[in-house]
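Peer 1: First, the structure itself, so that you have it in front of you.
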Amino acid sequence: MALAEKIVLKAGRALPMLGVFMSFDIKGIVNSRLGENYDLHEQYVNQTLVKVLRTIEFDKIYARAEGCYLYDREGNDYLDFLSGYGVYGIGRNHPVLKQTIRDVMEMDLPNMVQMDCALLSGLLGEAISRETGGDRNACFFGNSGTEVNEAAIKFARAYTKRNRMISLKGSYHGLSYGSLSLTQNNNFQSGFGQLLPGVDYVALNDLDALAHELKKGDVAGFIIEPIQGKGVHMPDPGYYEKAQQLCRDNGTLFICDEVQTGLGRTGKMFAYEHWNLDPDIVTVAKTLSGGFVPVGGIITRRRIYQGVFSSMDRCVVHSSTFGRNNLAMACGLATLHVLKEEKLVENSARRGEQLMDGIRELAKKHEMIKDVRGKGCMIAIEFQKPSNLLLRAAWKIFDNVDKGLFPEMIVHGLMSKERILTQVAGHNMDVIKILPPYTIDDKEIGRFLNGLDRVLTECGSPLGPMWKFGANLAKHALAAKKAKAAK
Ligand SMILES: Cc1ncc(COP(=O)(O)O)c(C=O)c1O
């Protein structure tokens with residue numbers, strides 16, 4: 002008797018599936034086809050991204066990941082100071098998360114019954130409400146940052162019965178229509194037609210402009226990223242506190258988008274704690290997922306929540322099919338546990354300071370470092386024109402083509418020479434951003450600082466390979482500009 006049949010006889014249920022199950026071998030598929038990544042994407046996914054990654058020589062084939070590192074097929078390690086755009090606070094493939102996922106699978110839990118109240122979403126609601134504190138004890142769960150910011154707009158409108166939203170210049174809140182409307186960035190907004198009406202932007206630190214808008218009495222919500230992701234900008238002392246008070250005085254909800262800053266990224270569980278704020282709505286995503294299962298959440302006050310789910314016929318008036326799925330909820334719970342157990346929020350604060358101190362030391366030696374800013378493991382390094390005449394001339398040419406080219410050169414240098422993954426901090430700025438996992442220690446900090454030191458030293462040579470690569474980038478940027486203008 003075949004093995005599968007024997008098992009069926011013994012268990013007497015579902016195991017005829019075994020044959021089908023065994024015929025699908027994901028490990029075999031990955032092992033046999035790893036290496037086709039870019040060709041597959043060129044053919045079936047995003048060709049343009051493939052082109053960019055090939056141009057900037059980021060077209061690596063990663064085979065494995067653990068903690069702060071990615072590994073290619075040859076076993077070379079890459080220090081991940083990008084963290085999947087800020088997802089891997091607890092590091093990649095954390096063993097507690099892996100075990101949690103296995104455990105959930107083994108329990109054969111009923112998932113997404115929809116017409117029930119599952120345990121795990123209740124537990125995550127309880128846990129994350131306790132973390133946000135105050136009287137924020139009502140949660141909504143979705144699947145991504147943009148989705149929960151969309152929800153924040155709806156919650157604010159439903160509760161206040163007003164239409165308008167105010168957001169900050171230079172902000173980023175996601176790319177679906179509502180969130181994109183809050184995202185004040187032409188690079189993301191252009192080309193997609195009309196956005197949400199009734200959204201206006203004020204400059205960070207401009208209280209008069211904010212007061213002017215709020216006094217009109219029709220603003221449902223004012224949304225901030227406590228630390229702006231694009232460029233890593235922080236407010237002048239007192240700004241957020243006064244902005245929050247202005248919102249209270251004018252019946253506008255004060256919303257903190259903690260999608261990137263939340264769950265320890267800035268050295269506090271939530272970045273609003275740096276300013277002792279008491280937001281009406283908090284949105285989270287990224288780190289809460291543990292890096293495995295997409296999740297987003299809103300944590301708000303009960304009375305605001307009930308403004309949406311205001312009667313029995315509106316009990317699911319806002320929802321999302323996959324929103325409270327068991328794996329996402331379990332990963333959220335496990336991530337909160339790991340953050341506490343390993344004291345990672347504290348580590349994010351301490352190691353972030355250590356990194357910034359180290360970069361400030363480098364600034365004494367490298368005049369191109371203009372500023373180092375951030376909190377915890379969310380750090381920006383801003384660059385400025387060098388004094389050497391030849392370098393200044395090269396910088397100027399780059400700047401004329403595209404303001405983001407110099408930081409692109411640094412990001413490329415860190416990758417190609419040091420195998421360190423970083424990103425440019427936004428469009429039209431000479432800034433790179435680092436978002437390491439909070440698990441970094443002396444080893445990772447040392448590797449980053451030494452790597453940056455070497456890359457900047459090499460940038461001091463106007464005819465060196467760094468500037469040659471920059472010239473190549475400039476050529477591509479110029480060609481792209483011309484093509485766009487010709488359309
Ligand atoms: C502050 C902020 N809000 C919203 C988002 C959008 O999140 P998602 O990409 O999960 O939609 C991001 C993503 O980078 C973010 O940084």
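For the sequence shown, our numbering puts the final residue at 488, and the numbers step up evenly by one. A virtual CB, placed ideally from N, CA and C, is assigned to each residue, including glycine.
1. Between ARG163, LYS170, GLU459 and ALA64, which lies nearest to SER33 when the distance is taken from Cα to Cα?
2. For LYS485, report the span of its alpha helix (DSSP H) as first-last.
3. How close, in whole Å, do the beta carbons of ILE305 and ASP281 come, if the pair is a contact with beta carbons under 8 Å?
4. Let me know if ASP431 comes out buried or exposed under the rule of 16 or more other beta-carbons within 10 Å of its beta-carbon.
5. Which residue wins for smallest C-alpha separation from ALA350, given the options PHE310, THR423 and PRO437?
6. Looking at ligand 2, does it come within less than 8 Å of TYR173, judged from the CB to the closest heavy atom?
7. When the cut-off is 9 Å and only beta carbons count, does GLU148 lie next to chain E?
8. Return the first residue and the last residue of the beta strand (DSSP E) that ALA221 is part of.
9. Beta-carbon within less than 6 Å of GLY146's beta-carbon, same chain only, minus the 5 sequence neighbours each way: which residues are those?
10. Using the three-state DSSP reduction, which class does PHE384 fall into: helix, strand or coil?
11. With which residues is CYS140 paired in a DSSP beta bridge?
12. Can you name, in chain order, every residue of its own chain whose Cβ lies under 7 Å from the Cβ of ILE62, other than the five neighbours on each side?
13. Could you tell me whether any non-hydrogen atom of ligand 1 is closer than 8 Å to the CB of ASN150?
14. What number of angstroms, rounded off, separates the C-alpha of THR440 from the C-alpha of GLU354?
15. Output the residue ranges of the beta strand (DSSP E) runs that lie fully inside the region 49-85 and measure 3 residues or longer, sorted by chain position.
16. Can you tell me whether CYS378 is helix, strand or coil according to DSSP?
17. Comparing alpha-carbon positions, which option in ILE102, SER312, LEU464 and SER320 lies nearest LEU390?
18. So what does MET166 bridge to, in DSSP terms?
19. Here's a check: name, in chain order, each residue in its chain whose Cβ is nearer than 6 Å to the Cβ of CYS460, leaving out the five neighbours to either side.
20. Within 10 angstroms of its Cβ, does LYS434 collect 16 or more other Cβ (buried), or is it exposed?
21. By DSSP, does PHE323 sit in helix, in strand, or in coil?
22. Look up VAL318 in the DSSP assignment and say whether it is helix, strand or coil.
23. Provide the residue span of the alpha helix (DSSP H) that contains LYS444, from first to last.
24. Do you know offhand how far GLU107's Cα is from LEU328's?
25. Which of the three DSSP states, helix, strand or coil, is assigned to ASP209?
26. Smallest Cα separation from LEU71: which of ARG55, VAL51, GLU58 and GLY92?
27. Please confirm whether any heavy atom of ligand 1 lies closer than 8 Å to the CB of GLY179.
28. Pick out whichever of SER180, LYS483, ARG303 and ALA157 has its Cα sitting closest to the Cα of GLY135.
29. Within the continuous alpha helix (DSSP H) that includes VAL31, where are the two ends?
30. Starting from CYS248, trace the alpha helix (DSSP H) both ways and give me its first and last residue.
31. Hey, LEU205 and LEU264 are a contact pair by Cβ (cut 8 Å); roughly how many whole angstroms apart?
32. Along the chain, which unbroken stretches of the beta strand (DSSP E) at least 3 residues long are found entirely within the region 396-446?
33. CB-CB under 8 Å to GLN48, same chain, minus the five flanking residues each way: which ones, in chain order?
34. Going by beta-carbon coordinates alone, are MET270 and GLY87 separated by less than 9 Å?
35. Over the uninterrupted beta strand (DSSP E) stretch that includes ILE282, give me the two end residues.
36. First and last residue of the beta strand (DSSP E) that includes LEU254?
Peer 2: In short:
1. ALA64
2. 466-487
3. 6 Å
4. buried
5. It is PRO437.
6. With respect to ligand 2, the structure shown offers nothing to examine, as its ligands consist of ligand 1.
7. In the structure shown, chain E cannot be found, because there is only a single protein chain.
8. 220-225
9. GLY175, VAL260, ALA286 and GLY297
10. The answer is strand: DSSP assigns PHE384 an E or B state.
11. ILE300
12. LEU35, GLY36, ASN38, ASP73 and ARG74
13. yes
14. Pairing THR440 with GLU354, the inter-Cα distance amounts to about 14 Å.
15. Scanning the region 49-85 from its first residue to its last, the whole beta strand (DSSP E) runs of 3-plus residues come out as 63-67, 70-73 and 78-81.
16. coil
17. LEU464
18. VAL200 and GLY222
19. MET467
20. buried
21. Correct three-state label for PHE323: coil.
22. coil
23. Counting along the chain, the alpha helix (DSSP H) containing LYS444 begins and ends at 443-460.
24. 12 Å
25. helix
26. GLY92
27. No, Cβ of GLY179 sits at least 8 Å from all heavy atoms of ligand 1.
28. The shortest CA-to-CA distance from GLY135 to any of SER180, LYS483, ARG303 and ALA157 is the one to ARG303.
29. Element bounds for VAL31: 27-34.
30. 240-250
31. With 8 Å as the limit, LEU205 and LEU264 do not qualify as a contact, their Cβ atoms being about 23 Å apart.
32. Inside the region 396-446, DSSP marks whole beta strand (DSSP E) runs of 3 or more residues at positions 432-435, from first to last along the chain.
33. HIS42
34. no
35. 282-285
36. 254-258
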